[in-house]
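What follows is a short report on a single structure.
Number of protein chains: 4
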Amino acid sequence: MSVSVFDHPWLSALLGDAEISRCFTVEAELRAMLEFEVALAMAEAELGFIPVEAAQAIANAAMIFQPDPAALAAGVARDGMVAPDWVRQLREAVGTPHGQHVHFGSTSQDVLDTSLILRLRPALAILAARLNAFDSRLAALSADHGSIAAMARTRMQRALPITWADRIAAWRAPFARHQKRLQDLNPRLLVVQFGGPVGTLDKFGDKGPSVAAALASRLDLAVPAGAWHSARDVLAEFAGWLTLVTGSLGKIGQDIALLAQNEVADVTLAGAGQSSAMHHKQNPVLAETLVTLARFNAAQLSGMHQALVHEQERSGAAWTLEWMLLPQMVVATGAALARGLALLDALRIHDKH
Amino acid sequence: MSVSVFDHPWLSALLGDAEISRCFTVEAELRAMLEFEVALAMAEAELGFIPVEAAQAIANAAMIFQPDPAALAAGVARDGMVAPDWVRQLREAVGTPHGQHVHFGSTSQDVLDTSLILRLRPALAILAARLNAFDSRLAALSADHGSIAAMARTRMQRALPITWADRIAAWRAPFARHQKRLQDLNPRLLVVQFGGPVGTLDKFGDKGPSVAAALASRLDLAVPAGAWHSARDVLAEFAGWLTLVTGSLGKIGQDIALLAQNEVADVTLAGAGQSSAMHHKQNPVLAETLVTLARFNAAQLSGMHQALVHEQERSGAAWTLEWMLLPQMVVATGAALARGLALLDALRIHDKH
Amino acid sequence: MSVSVFDHPWLSALLGDAEISRCFTVEAELRAMLEFEVALAMAEAELGFIPVEAAQAIANAAMIFQPDPAALAAGVARDGMVAPDWVRQLREAVGTPHGQHVHFGSTSQDVLDTSLILRLRPALAILAARLNAFDSRLAALSADHGSIAAMARTRMQRALPITWADRIAAWRAPFARHQKRLQDLNPRLLVVQFGGPVGTLDKFGDKGPSVAAALASRLDLAVPAGAWHSARDVLAEFAGWLTLVTGSLGKIGQDIALLAQNEVADVTLAGAGQSSAMHHKQNPVLAETLVTLARFNAAQLSGMHQALVHEQERSGAAWTLEWMLLPQMVVATGAALARGLALLDALRIHDKH
Amino acid sequence: MSVSVFDHPWLSALLGDAEISRCFTVEAELRAMLEFEVALAMAEAELGFIPVEAAQAIANAAMIFQPDPAALAAGVARDGMVAPDWVRQLREAVGTPHGQHVHFGSTSQDVLDTSLILRLRPALAILAARLNAFDSRLAALSADHGSIAAMARTRMQRALPITWADRIAAWRAPFARHQKRLQDLNPRLLVVQFGGPVGTLDKFGDKGPSVAAALASRLDLAVPAGAWHSARDVLAEFAGWLTLVTGSLGKIGQDIALLAQNEVADVTLAGAGQSSAMHHKQNPVLAETLVTLARFNAAQLSGMHQALVHEQERSGAAWTLEWMLLPQMVVATGAALARGLALLDALRIHDKH
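Here it is in structure tokens:
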């Protein structure tokens, strides 16, 4: 299918990101779900809630488990999420007598949210690396070309002379803040979800926190103050961070598209895009794409915040809305950083002022 | 890939729509693009702008043309859209001497926008049919169960007795308006895009309108007042219509989820969803999904209207933003109508008041 | 207070609209509410539901009724809307024995929604007149300067020569559609709201539609298919129309800001704005303002569509959200049209190409 | 005027906040602008850029300066912002020979952005205090009533027993994070804006940073890495924080509205709202208002992020958009916290399960 540009065989070459998208394949999703269930079984065995043999049987089955996709789809259509049918299939795969211990004390949202976090972790690492690379590339650009005279333009009019070092410093400023924000956000985001059916870990008596800690430790995630089934602020905050990043890149893209206008020509772009009808044109495609991705994320972000109004102990409607928005935002941000890097590579600054 | 729920093998079973999605496959897209180029060549031959033999050669080549997907992706990454490289490949496929006549006087946006309209046409037909079916199902529900006593609730509190006929009449009212709006919108939307590089059909002298009319006639589309390269109001209006439809369905979904609460139990839902942890539960999955899809479209709509600020004679940034938003909105609307029909089928009304 | 730019003594000179704002003063609101109650009493007396003397007493009291603002504010804080306390005060003002007949068979939402419609009516007339004036001004601009050579720019790059007539024709095209849409919308929008507590006019037996018709007739409004307490699609559609208009104006504003860049200078703007620091500058303030207002409305529109998910027979939360969004959107649209007219007056087109 | 609910004499009693609104009066705005100019003059005198006598004259004039509002409005309509005409008037008020030293080396955006920050500072203090109070009130509620049995509801269906302590713990969790986020954000937000016409403090040679530091010190603000004329990420981040807070409150409001349904009746609300037609009703007005304010901010936030695409060294269009959105978001957040506190006061929890 190719409803979304991110899943489209050629539009994704412009707007998508193959590397980040790998965090959102069904393979990655199923792998992360299994990782949760195996770690859960191990943690529960360690604390005596299920037999050690059961945990081992679950781990063994997980090595070769291949769920039936048609049954999963039918399950999602019926249950609103994949977990119930997938757990049923996994229990069958583990077989008697240990299958019954799969997913003990847990709930669908535990496995699905933790699976999301496990897949966001590598995505975050990629985004952080690209963010650093982008900032370094700007620093290098300034070092190489910062002394070139430029013309500041305010309210779309020529204002006063500046240098390219001035312009690049203004471009860079938010990126240092984005790096700091990501450091602040990471410990809030990279946490396990574990609450059981209603967030209270009711099957574990007073040992709930111990199981959560053991589970988190095996997944190398932090333990939050409690289950966050219905408190989705950290995901909305993360979506906001993504949108800040794409916004800062969109601003640079807009600037470069303006600077590359023929009449301005303060910059040209190597390898700029072709028109199907006008071969003399050099379209600032990468620069425009950064604007597009910024505006895309800004629209999605609104939906992520609407999803904070999450009814009661778990909302189907609000939770599902996140699934529609967040993966796209992560990929859009990866794409914007990748396109931004390519744009800086293509940028040729001219000494005109 | 499965970044988007609409392209995801199992989430699409809940949130997607296989039938509508077929309008957004790459196969459908390539077919519509070819349909445009063949019709264009025929129209241009008819009016003497290219040789009749060239038009025939283009039509023949189109029957078997298979573009190289890798080259298309590389073209999109470079040019910001698929048309330039695809036209180049099609010209090669037609070969010498007729290949040069492919796409004569046209521009990328002509073929891509017209391709979109050609694919929206069957999608609109499906949506209209489902809208009618949904309205009829509501009418039948009222005919069958309208006399059952109900309790009106305002501001989340019990108000006064009504009947189910009253409730269903309130649910139905917007759907009659949606049908009327769609009739008003259709002639604005189902139009050809044809302007040439800068919207003026400069290659055709004073025959531009004739070529446009001949082209539109072959595609069974209407002829707009002029090229709409930079005037995107009709697409934003269409996106608004989609969001009105999902909003009305979301309202019904929200109502049913509230009516199906255990303590209220004015309705139950046959085949309601399962929980992975609590087998006694009957989750109103379809009802919640309608709320999700309504809020999704409401977020996207904002982006479609941001894209109206379309720079100059053609904007890369704003146009590309539409590609990211509109196909998803059409599929979400199709899904909402399909899920809405299933929800009405599952609805069991109880006589409690 | 001046939290909003629309109510701010000097920012409203840029972003607001004094004429449209008069539809949203408390005086206009109270007047429209009284108009509803008087027309309702007259209609009910005509149909025998309340004594003729009561209707006359209500009409007389309405001539001089001055509600206590502090009590209204306290009422809103407690009841979530002004109607309950205002009706109580009006009943007191009418006095014994007729005061009890005020608001008979009606509900808060009837008077508040109808009051909104009564105030939107003059706003619509102003918007329609300005829309026509703007379109005519564009036509005159084309008649006067259409033959001037221009340069089309696509994807922010020079493309091919056009004329100003071509450019203005592209600008004008959506405005003809906006006029048509408004004609289609008007009969849906200019309708009375009258349903009683739960939308069924339960106090009137089978005479409900007759009372509604008599009420509507006195207010010179149309009668809708039924009460639209919970079906808010027409307001969302209207918000969409406003956003289409500001979007089309925003596109023109963006174009003019680009054309007025010093290096391009295809146009200059008479009376353009000053900088506090750079006296040589001529800022395209009106052009930028059109972009701002377009993006403002595009953000608000999303909220109007979120408000379609309106729970049950009447929702406090969703209804109140409309109050926060719609008046601002109407004023923003009025402002955009007024600024757009001023921008066209200031536009000086240069023959450079 | 009363276009906005925040400036409306009685709707503001429900949706506004008198205390926070005082930060957005024109008086507060003019006072903060003067505070900037006086501090600037003092800092510049201290570093020898203007005569000490001039700084003193400016400080003296500022004590009694009353700008002409009509001229300010005309200035805004012409210049797109108030600063140019206001500076002109202030220079006149200072008179010859010192008036010429007013605003030396500065630009409109310096005074207007710093004025915003100076007014956000008390608003932040109020928000922080209310956030702490709200969290403490939740803690007290849990201490007093936490042992009461409750019913968890997931996907709108009864799930399993919990306690009120469990529910309140889930409500509280985000508020600890909001407090932490605010601490992280404060040093980024409470900074001076000072860059001069194009962000480079060109009038001060290599002393620009010293002037900025002296200015900031006098205003008790921090010094950012550089002028942030065109890098608006911190304001968008702040808007995101506001929306996270209202989102968390909206979730609690939605929960309470659901719990207060007659059929559920796990809680009642003291002093709940009246209906104009149904006197038996107790409407959960405060709870609904929290939902409304959450959805309002979620819509505005999208616009704040669209404004990140800020052209070149200073954008009129994007900057102005912030003025339309941010003050309302701050007041909406203040209102949500105030209404949230009142809602907790009114909450009566019943022992039913």
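Protein chains in written order, with the numbering used here: chain A, 1 to 353; chain B, 1001 to 1353; chain C, 2001 to 2353; chain D, 3001 to 3353.
Cβ coordinates follow ideal geometry from the N, Cα and C atoms, glycine included.
- The distance from the Cβ of D:A3317 to that of C:E2288 is about 4 Å, consistent with a contact at the 8 Å cut-off.
- The beta carbon of C:L2258 falls within 9 Å of a beta carbon belonging to chain A, placing the residue at that interface.
- DSSP places A:L347 inside the beta strand (DSSP E), whose first and last residues are 347–349.
- Judged by their CB atoms, C:P2174 and B:A1045 are not nearer to each other than the 9 Å cut-off.
- For D:V3267, the enclosing beta strand (DSSP E) has its first and last residue at 3267–3269.
- D:V3003 has no beta-bridge partner at all, per DSSP.
- Counted as a single uninterrupted DSSP element, the alpha helix (DSSP H) harbouring C:P2209 occupies residues 2208–2219.
- Between the C-alpha atoms of C:Q2254 and C:D2202 there is a straight-line separation of about 53 Å.
- Cβ proximity to chain B below 7 Å picks out T2243, L2244, G2247, S2248, G2250, K2251, Q2254 from the region 2243–2254 of chain C.
- For the options A:W319, A:L116, A:W323, A:L124, the alpha carbon positioned closest to that of A:E19 is the one of A:L124.
- Residues of the region 3197–3219 of chain D with a C-beta less than 7 Å from any C-beta of chain A: P3197, V3198, G3199, T3200, D3202, listed in chain order.
- For B:M1042, the enclosing alpha helix (DSSP H) begins and ends at 1026–1046.
- Taken atom to atom, the span from the alpha-carbon of D:A3270 to that of B:R1155 is near 16 Å.
- Nearest neighbour of C:A2143 by Cα position, chosen from C:A2129, C:R2130, C:R2153, C:A2165, turns out to be C:A2165.
- Contacts with chain D at 9 Å (Cβ-Cβ) do not include C:N2132.
- Shown here for D:G3240: same chain residues with a beta carbon closer than 7 Å to its own, the five before and five after excluded, namely L3301 in chain order.
- Taking a contact to require three or more Cβ pairs closer than 8 Å, the region 1311–1331 of chain B and the region 335–352 of chain A do not qualify as touching.
- In the DSSP annotation of this structure, the continuous segment of the beta strand (DSSP E) that includes B:L1160 starts and ends at 1157–1163.
- For C:G2247 and C:L2120, the gap between their C-alpha atoms comes out near 20 Å.
- In the three-state reduction of the DSSP assignment, A:A335 falls in the helix class, which pools H, G and I.
- The C-beta distance from A:P67 to A:Q100 rounds to 18 Å, too long to meet the 8 Å contact threshold.
- Residues of the region 1164–1187 of chain B with a C-beta atom less than 8 Å from some C-beta of chain A do not occur.
- Within chain B, the residues whose beta carbon sits less than 8 Å from that of A:T320 are L1014, L1015, E1288, T1289, T1292, listed in sequence order.
- The beta carbons of D:V3291 and D:L3347 sit no closer together than 9 Å.
- With the criterion set as a beta carbon lying under 8 Å from some beta carbon of chain B, the members of the region 55–79 of chain A are P69, L72, A73, A74, G75, V76, A77, R78, D79, in sequence order.
- One thing to note: D:D3184 has its Cβ within 9 Å of the Cβ of A:D184.
- Looking only at A:A272, A:D220, A:R153, A:L293, the smallest Cα-Cα distance to A:V5 is reached by A:L293.
- D:A3043 is positioned such that its CB atom lies closer than 9 Å to that of D:L3215.
- B:K1281 is classed as buried because its beta carbon has at least 16 other beta carbons within 10 Å across all chains shown.
- When C-beta atoms of the region 187–194 of chain A are compared with those of the region 74–83 of chain A, fewer than three pairs fall below 8 Å, so the two segments do not count as touching.
- Around the CB of A:Q179, fewer than 16 other CB atoms lie within 10 Å, so the residue is classed as exposed.
- The criterion of a C-beta distance shorter than 9 Å is not satisfied by B:V1003 and A:D113.
- Non-local beta-carbon contacts of D:L3341 in its own chain, meaning distances under 8 Å to residues more than five positions away in sequence, involve R3130, A3133, F3134, R3137 in chain order.
- In the structure shown, C:V2191 adopts extended strand secondary structure according to DSSP, grouped into three states.
- Taking a beta-carbon distance threshold of 9 Å, C:S2315 counts as an interface residue toward chain B.
- Going by beta carbons, B:L1011 and B:V1211 fall outside the 9 Å limit.
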